[in-house]
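Structure, as structure tokens:
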């Protein structure tokens, strides 16, 4: 290469660096909820399901009073006030098919383990074809980040499902994962020990499969405030379980709780001087559900519509584009590379199977 061409290449490289906006994100909260339909997120409660016949609702008048409003906009705001007062105004939300925004899984299975793994690894793996407690053969973005010197020991996970330690392959990744069923020494962490006692003392609704989201949230919120993790993954699970049981009233209540939990995590980050203005939030669900009065309770490869999801982003580096409309399809496999990209890292270069970064969630070069 001649000196002239070398100087030109250096100038172009410097220009590219100058054009790339400096990222403000130093902390990422990756928060997901199991089985929350895009329909409720964007249109609120469904009237036909607020009934004993289709939704197992005994006190339908009470449920209507809390969740029913005349317009989809009013219904979604009363169901998920943080989403529609903060997330949409200052961040981005994908998946409203009524407005030309489609979000979907790529694994084709449309149930939990394949969805969790796709979210956390950035690609679908056909070998993952059940919810069995088998170690994930793939490296998640959490393990990948924890392997970087800047993040080692500052990546943690909280999840309301006994399979999550296997999805994160805890024995191999050595990631700290709390599900509520652990046994923590009170001398080491009295708060976690107390929560574990409450988990063991409450009447189990789903056995050891999972507990209530409130316990997971209490543990995650305390960790966020006290440890200020660089990356924290939190997975809530109640909406999926209440839907499977055909209890639309409890399903709606658990969605409203999830919205409040997200708000509390976000507000805790903004209240901390170190995390304020340097925290990005990514939100997603693992699968959708059916669309009929019966199939809303279910999901899977044979349930029409259950491959459609939603996702959202909020943070200092994410343009406030609001509820997206008439945009290209986004996919579940984009979450992991986007989480890494917000921290200035190129996950896809080391994991080429991963989907592309959600370009609009990052600052636009030259803007």
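In this note's numbering, the protein residues as written are 329 to 695.
For every residue, glycine included, the Cβ atom is placed at its ideal position computed from N, Cα and C.
Values in this document were obtained by computation on a predicted structure and should not be read as measured data.
>> For the structure I just gave you, are there three or more beta carbon pairs, one from the stretch 584-598 and one from the stretch 403-418, closer than 8 Å?
In response: The stretch 584-598 is in contact with the stretch 403-418.
>> Whether or not the stretch 475-492 and the stretch 522-533 are in contact is what I'm after, with contact meaning three or more pairs of Cβ atoms, one per stretch, closer than 8 Å; do they touch?
In response: The stretch 522-533 is not in contact with the stretch 475-492.
>> Give me the residue from 378, 353 and 547 with the minimum Cα distance to residue 577.
In response: Here the closest residue by C-alpha is 378.
>> Within 8 Å, do at least three Cβ pairs link the stretch 349-359 to the stretch 550-563?
In response: With a cut-off of 8 Å, the stretch 349-359 and the stretch 550-563 count as touching, because enough Cβ pairs lie within range.
> So which of 636, 571 and 637 has the shortest CA-CA distance to residue 624?
Replying inline: Taking only the C-alpha atoms, the option nearest residue 624 is 571.
> With which residues is residue 560 paired in a DSSP beta bridge?
Replying inline: Answer is 357 and 484.
> Is the stretch 421-429 close to the stretch 644-661, with three or more CB pairs under 8 Å?
Replying inline: Judged by Cβ distances under 8 Å, the stretch 421-429 makes contact with the stretch 644-661, as three or more pairs qualify.
> Quick one: any contact between the stretch 490-497 and the stretch 511-519, if contact means 3 or more CB pairs under 8 Å?
Replying inline: Flag = no, the stretch 490-497 and the stretch 511-519 do not touch.
> To which residues of the same chain is residue 373 closer than 7 Å at the C-beta, ignoring the five residues directly before and after it?
Replying inline: Excluding residues within five positions, the ones whose Cβ falls inside 7 Å are 395, 396, 403, 407 and 580.
>> Am I right that residue 585 and residue 438 are in contact with their C-beta atoms under 8 Å? What's the rounded C-beta distance?
In response: In this structure, residue 585 and residue 438 do not form a Cβ contact; the two beta carbons are roughly 24 Å apart against a cut-off of 8 Å.
> CB residue 697 to CB residue 492, shorter than 8 Å?
Replying inline: With the chain represented from 329 up to 695, any question about residue 697 goes unanswered, as that position is not in the structure.
> Which residue comes first and which comes last in the alpha helix (DSSP H) that contains residue 554?
Replying inline: Note, residue 554: alpha helix (DSSP H), 541-555.
> Whose C-beta lies closer than 8 Å to the C-beta of residue 673 among residues of the same chain, with five residues either side of it excluded?
Replying inline: When the five nearest sequence neighbours on each side are left out, the beta carbons in the same chain lying within less than 8 Å of the beta carbon of residue 673 are those of 473 and 476, in order along the chain.
> What is the residue span of the alpha helix (DSSP H) that residue 666 lies within?
Replying inline: 663-670 is the span of the alpha helix (DSSP H), which, as asked, contains residue 666.
> Where does the unbroken alpha helix (DSSP H) through residue 350 begin, and where does it stop?
Replying inline: Residue 350 -> no alpha helix (DSSP H), and no H or E assigned at all.
>> Can you give me the C-alpha to C-alpha distance between residue 610 and residue 621, rounded to a whole angstrom?
In response: The C-alpha of residue 621 is placed about 30 Å away from the C-alpha of residue 610.
> Measuring CA to CA, which of 551, 598 and 542 is closest to residue 582?
Replying inline: Ranking 551, 598 and 542 by CA distance to the CA of residue 582 puts 542 first.
> Would you report the Cα separation of residue 693 and residue 644, rounded to the nearest angstrom?
Replying inline: Interpretation of residue 693 is limited by its pLDDT of 48, a score under 50 that renders its predicted location unreliable; the figure taken from the coordinates is listed afterwards. Rounded to the nearest angstrom, the gap between the Cα atoms of residue 693 and residue 644 is 15 Å.
> When the cut-off is 8 Å and only beta carbons count, does residue 528 lie next to chain D?
Replying inline: Among the protein chains of the structure shown there is no chain D, as only one such chain exists.
> What are the start and end residues of the alpha helix (DSSP H) that includes residue 452?
Replying inline: Careful: residue 452 lies outside any alpha helix (DSSP H) and carries neither H nor E.
> Is residue 669 closer than 8 Å to residue 690 when the C-beta atoms are compared?
Replying inline: Contact check for residue 690 against residue 669 passes: the beta carbons are separated by less than 8 Å.
> Ordered along the chain, which non-local residues of its own chain (more than five positions away) have a Cβ less than 7 Å from that of residue 435?
Replying inline: Take residue 435, set aside five residues on each side of it, and the residues of its chain with a beta-carbon closer than 7 Å to its own are 442, 443, 446 and 452, in chain order.
> Using a Cβ-Cβ cut-off of 7 Å (strictly less than) and excluding sequence neighbours within five positions of residue 387, which residues of its own chain qualify?
Replying inline: Nothing meets the Cβ criterion.
> Roughly how many whole angstroms lie between the Cα atoms of residue 675 and residue 684?
Replying inline: Going by the C-alpha atoms only, they are around 10 Å apart.
> How would you write the range of the alpha helix (DSSP H) that residue 371 sits in, first residue to last?
Replying inline: Residue 371 -> alpha helix (DSSP H) spans 366-371.
> What is the rounded straight-line gap between the Cα of residue 383 and the Cα of residue 537?
Replying inline: The alpha-carbon atoms of residue 383 and residue 537 are separated by roughly 23 Å.
>> Under DSSP, the alpha helix (DSSP H) around residue 407 begins and ends at which residues?
In response: Residue 407 -> alpha helix (DSSP H) spans 400-407.
> With distances taken between CB atoms, is the gap from residue 363 to residue 601 smaller than 8 Å?
Replying inline: No, Cβ-Cβ distance for residue 363 and residue 601 is not below 8 Å.
> Ends of the beta strand (DSSP E) at residue 641?
Replying inline: Taken as a continuous stretch (DSSP letters only), the beta strand (DSSP E) holding residue 641 covers 639-642.
>> Suppose you measure from the CA of residue 401 to the CA of residue 470; what does that come to, to the nearest Å?
In response: Residue 470 has its alpha-carbon roughly 35 Å from the corresponding atom of residue 401.
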